[in-house]
Amino acid sequence: MKFKVLRHHIGDQVYNVGDIREARESDVKHLIGKSLEPLNGSKSEPAPKNKAVKRAPKNKAAPVAPVSTTETETGGAAG
Numbered sequence: 042m043k044f045k046v047l048r049h050h051i052g053d054q055v056y057n058v059g060d061i062r063e064a065r066e067s068d069v070k071h072l073i074g075k076s077l078e079p080l081n082g083s084k085s086e087p088a089p090k091n092k093a094v095k096r097a098p099k100n101k102a103a104p105v106a107p108v109s110t111t112e113t114e115t116g117g118a119a120g
């Protein structure tokens with residue numbers, strides 16, 4: 042993101058009033074409003090897309106119905 046320098050300061054190099062500084066907003070957050078002003082008007086970078094929201098692929102197996110109880114599960118012997 043690009044910022045206009047409002048006040049002389051030293052960062053990764055010396056910045057004078059009127060210079061254009063390119064940096065991540067998170068890196069210069071403490072300077073915004075005091076020494077820097079965003080140029081493009083947006084306040085932050087676009088949020089990353091959430092990969093977990095996507096649907097499962099169509100080739101995934103269908104859910105399996107629960108198995109009913111049988112004699113083997115209850116002991117097997119009747120009587």
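At position 35 of the sequence shown the residue is numbered 76 (this note's numbering), and the sequence of numbers has no breaks. Think of the CB as a built atom: it goes at the ideal place given N, C-alpha and C, for glycine as much as any other residue.
- Kindly list the residues whose CB is nearer than 6 Å to the CB of R62, restricted to its own chain and excluding five residues on each side of it in sequence; keep chain order. Excluding its 5 nearest sequence neighbours in each direction, R62 has C-beta neighbours in its own chain below 6 Å: F44, V46 and Y56, listed in chain order.
- Does DSSP classify L77 as helix, strand or coil? L77 falls in the strand class under three-state DSSP.
- Message: Using only the alpha-carbon positions, how far apart do A93 and R48 sit?
- Response: Cα to Cα, the separation comes out at about 43 Å.
- Query: Between which two residues does the beta strand (DSSP E) containing K70 stretch?
  - Reply: Careful: K70 lies outside any beta strand (DSSP E) and carries neither H nor E.
- Query: What does K45 pair with, by DSSP beta-bridge criteria?
  - Reply: DSSP output for K45 lists I61 and E78 as bridge partner(s).
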